[in-house]
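In what follows, a single structure is set out as structure tokens and then discussed.
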Amino acid sequence: MKKRKIFLCVVSASVLINVIPLLPFMDRIAVSNYAWFAVILMMGVSLNGVISFFLRRKGNFLPIGARTPMSRYFSEDKAHTFTEEYEKEFFWQFCLYWFAIPFYIPCIFFVSGAPECFLLPICVFLVPQLFYFICYILNIIKGNKEYQIKKQKQEQELKEQNLQEELGRFK
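So the sequence shown is residues 6 to 176, counted in the numbering used here.
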């Protein structure tokens with residue numbers, strides 16, 4: 006229940022962030038022929054978000070790199086998806102994913118030319134993906150640091166053990 010409230014607050018805040026600035030420009034708001042790309046991309050991203058939520062036990066399909074063949078959608082649930090760590094990771098990624106979707110609204114109403122009709126919606130699409138990538142890299146770095154610390158401890162224990170064995174021989 007708490008997660009649902011947090012999610013609704015995140016999405017509501019995003020909608021307000023994108024709709025309130027439109028109010029002073031009500032006379033300039035218009036849907037042009039160039040808005041179709043942003044509308045289609047917004048619908049596709051929203052559909053992927055819904056599918057990812059319902060198939061979250063089969064893996065996380067929110068990041069771009071997680072795209073897999075259609076057969077993965079029909080595979081069995083993965084064991085690691087039932088852990089608390091996965092739940093937390095999926096929840097923050099899901100909130101970030103849906104936070105970005107209302108940012109297509111200004112793209113739909115204020116796009117008036119060909120270059121920005123493709124550039125702005127793609128930028129909105131790539132921002133959450135950039136965050137996912139940065140967090141992935143940080144997790145790899147964190148994992149490497151933990152591995153190096155563990156390796157140093159093992160080496161230190163091995164040196165101490167060798168030293169104790171040598172001292173035992175000389176007695």
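Note that CB positions come from ideal geometry on N, CA and C, so glycine has one too. Here the structure is a predicted model, which is why all the values come from computation and not from measurement.
Output the boundary residues of the alpha helix (DSSP H) element that contains residue i.
i, result
"residue 54", "41-59"
"residue 113", "109-115"
"residue 93", "89-105"
"residue 11", "7-24"
Give the straight-line distance between the Cα atoms of residue i and residue j, rounded to the nearest whole angstrom.
i, j, result
"residue 85", "residue 38", "45 Å"
"residue 87", "residue 62", "7 Å"
"residue 21", "residue 155", "47 Å"
"residue 166", "residue 160", "10 Å"
"residue 28", "residue 11", "26 Å"
"residue 103", "residue 14", "11 Å"
"residue 139", "residue 170", "46 Å"
"residue 5", "residue 157", "In the structure as shown, the chain begins at 6 and stops at 176. Residue 5 is therefore absent and cannot be evaluated."
"residue 35", "residue 65", "36 Å"
"residue 149", "residue 143", "10 Å"
"residue 80", "residue 32", "51 Å"
"residue 91", "residue 137", "14 Å"
"residue 56", "residue 163", "50 Å"
"residue 105", "residue 111", "12 Å"
"residue 49", "residue 82", "24 Å"
"residue 43", "residue 135", "19 Å"
"residue 153", "residue 146", "10 Å"
"residue 26", "residue 151", "45 Å"
Under the assumption that residue i contacts residue j (Cβ atoms under 8 Å), give the Cβ distance between them as a whole number of angstroms.
i, j, result
"residue 67", "residue 99", "7 Å"
"residue 108", "residue 53", "In fact, because the Cβ distance is near 16 Å, the residues do not count as touching under 8 Å."
"residue 133", "residue 101", "5 Å"
Are at least three pairs of beta-carbons, each pair with one atom in the region 116-132 and one in the region 34-52, less than 8 Å apart? Short answer: they touch.
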